[in-house]
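Visitor:
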Amino acid sequence: IDGYYSAQGLNIVGYFHDNERCSDFELGNIAKNIGDHIHRCFPQAALLLFCTKDLSKSWKLVGSDGSSRLTVKEPSANILLLDYISSQKWEEIVDFYDHLVYISKDWLNPEVFK
């Protein structure tokens, strides 16, 4: 991943992780390994461990203008989103883990949104 994006002049600025159990405040081995690898390639990147246990109490719906209403700036976005949902497009998306398990799957997903 880092090689692909570095070749395009992009950097990884961070990695965020959220444990499955809300009471777990430690990074697991996999998260540590990911963080270590990112740090080797991008030493200024951040690793964030989220604790979402109490977040549901503090969520507030706020529009970009400070109001509590959100508006769609691109009307066709809803049509496109409806199409993606009704066609279950998310099932075609390959993440990097899928690629590691099935090397033939392309984690860049070049054909998904064409």
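Be aware that the sequence shown starts at 421, since it is given in the working numbering, and climbs by one per residue.
Beta carbons are placed, not taken as given, at the ideal position from N, Cα and C, and that holds for glycine.
Quick caveat, the model's predicted, so the values are computed rather than measured.
1. How would you write the range of the alpha helix (DSSP H) that Val500 sits in, first residue to last?
2. Which same chain residues, not among the five before or five after Leu467, have their C-beta less than 6 Å away from its C-beta?
3. Whole angstroms are fine: how far does the CA of Leu502 sit from the CA of Ser496?
4. Below 8 Å between beta carbons: does that hold for Leu469 and His437?
5. Specify the secondary structure class of Gly429 as computed by DSSP and reduced to three states.
6. What do you get for Ile421, buried or exposed, if any count of 16 or more other CB atoms within 10 angstroms of its CB means buried?
Guide: Judging by the given coordinates:
1. Counting from 1 along the sequence shown, the entry for residue 500 is found at position 80. Per the sequence presented here, residue 500 reads as Leu, with Val not at that position. Where Leu500 is concerned, the enclosing alpha helix (DSSP H) stretches over 496 to 506.
2. Taking the first residue of the sequence shown as position 1, residue 467 is located at position 47. Closer than 6 Å at Cβ, skipping near neighbours: Tyr435, Gly455.
3. The residue labelled residue 496 in the question sits at position 76 within the sequence shown. The residue labelled residue 502 in the question sits at position 82 within the sequence shown. CA-to-CA, the gap between Ser496 and Leu502 works out to about 10 Å.
4. Position 49 of the sequence shown holds residue 469. Position 17 of the sequence shown holds residue 437. For Leu469 and His437, yes; Cβs fall inside 8 Å.
5. The residue you call residue 429 lines up with position 9 of the sequence shown. Residue state, collapsed to three classes: coil.
6. Locating residue 421 in the sequence shown gives position 1, counting from the first residue. Around the Cβ of Ile421, a 10 Å sphere holds fewer than 16 other Cβ atoms; the residue is exposed.
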